[in-house]
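Each remark here refers to the structure printed beneath this line.
There are 2 protein chains.
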Amino acid sequence: MMELTRKGDYAIRGIIYLASQPPNKISLLSEIAAAVDVPQTFLAKIFQQFSKTGIVKSFRGTGGGFLLAGPPEDITLLQVVEAVEGPILPNRCVLKAGECERDVTCTVHPVWHQVQQKVRGILANITLKDLAT
Amino acid sequence: MMELTRKGDYAIRGIIYLASQPPNKISLLSEIAAAVDVPQTFLAKIFQQFSKTGIVKSFRGTGGGFLLAGPPEDITLLQVVEAVEGPILPNRCVLKAGECERDVTCTVHPVWHQVQQKVRGILANITLKDLAT
DNA sequence: ATATAAAGGGACCATCAAAGTCCTTTTAGG
DNA sequence: CCTAAAAGGACTTTGATGGTCCCTTTATAT
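Chains as they are written, first to last, in our numbering: chain X, 169 to 301; chain B, 169 to 301.
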């Protein structure tokens, strides 16, 4: 359980590639996809999400491509993962009150909350600088 | 991401019910299913897994049913979750070397390992006694 | 011995999200 | 205005999740 999806996996690989490039070097999607061995069309979707959440910048047309939106040390693994996988919610009832019918009496609730906090803490402490080669 | 499946959710509810019963009181599957509001046939599968991993004892025939295999304070949430959901593996490459093509060079690997350790630690610290009402 | 009450187990089905493809549109440069 | 890129929508495929059904085994009670 608690497995990262393939999408998350690809996302991390792709953005680490970006982070490993010389600063301001624009990378083509085709280039990234080939380098990290991910289907280009699928990676495209992933980078669109990156672009929307603002952790990468994209440029269209000739000479276009992708660029990290900030220095690698400012982008955390948490941001990357949550950008494509959504928020980290070990159990449906962790955040959204009301989603858990057993709401008030749920003794397990605080445990999942603790898990969530710990995991987010770990991921928030790792930056792309730590991960880039 | 990192969501518990419904199976895991049901499993926890079911076993907490057991843990909340008087010691040595045998509970029927039908009774548990009704109490925790889970389809009985589905819960049956879950308790079969519990039975296999040895955290509950089952008795067949008239007067049969289920019983916690030990005192609630000896059964951890980790055992319960892993019994039905399998081991906690945030990323495919965490445990099984070789499953990760990028093996040796994978800088993310240690991060997932850390996540795994923390989560297991939290869950291993919670027993059914803590959770039962 | 036989009827009955339970769990065990296998096969099966439905639904939904993950994973991936394809095609058209928009944007920018040469 | 042609070409190179990303953006975006629609679609398909695949597999896991969630769940049902039915038959078998085991045990008890009459």
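Backbone N, C-alpha and C define an ideal beta-carbon position, used for all residues, glycine too.
Neighbour-count burial assignment, residue i, 16 or more Cβ in a 10 Å radius
i      : result
B:N293 : exposed
B:Q284 : buried
B:G140 : Given a span of 169 to 301 for chain B in the structure shown, any question on residue 140 of chain B remains unanswerable.
X:N259 : buried
X:F227 : exposed
X:M169 : buried
B:R174 : exposed
B:G254 : exposed
B:L291 : buried
X:V276 : buried
Straight-line gap, residue i to residue j (C-alpha atoms, nearest Å)
i      : j      : result
X:D298 : B:E199 : 53 Å
B:G176 : X:L186 : 37 Å
X:E171 : X:I256 : 12 Å
B:V224 : X:A201 : 49 Å
X:L246 : B:A203 : 39 Å
X:K220 : B:Q282 : 29 Å
B:Q124 : X:P278 : In this structure chain B extends from 169 to 301, so residue 124 of chain B is not present and cannot be described.
B:L211 : B:E241 : 23 Å
X:T295 : X:T244 : 4 Å
X:F218 : X:S195 : 14 Å
X:V206 : X:S188 : 17 Å
X:E250 : X:T301 : 22 Å
B:V252 : X:G231 : 51 Å
X:V248 : X:I180 : 7 Å
B:G289 : X:K213 : 35 Å
X:G222 : X:G229 : 19 Å
B:I184 : B:L236 : 10 Å
B:L197 : B:W280 : 37 Å
X:P191 : X:Y178 : 21 Å
Helix, strand or coil at residue i according to DSSP, with G and I counted as helix
i      : result
X:G176 : helix
X:K220 : helix
X:T209 : helix
X:S226 : strand
X:L197 : helix
X:L296 : helix
X:L236 : strand
B:A187 : helix
Integer Cβ distance of residue i from residue j, believed to fall under 8 Å
i      : j      : result
X:F215 : X:G238 : Between X:G238 and X:F215 the Cβ distance is about 16 Å, and since that is not below 8 Å, they are no contact.
X:K286 : B:K286 : 5 Å
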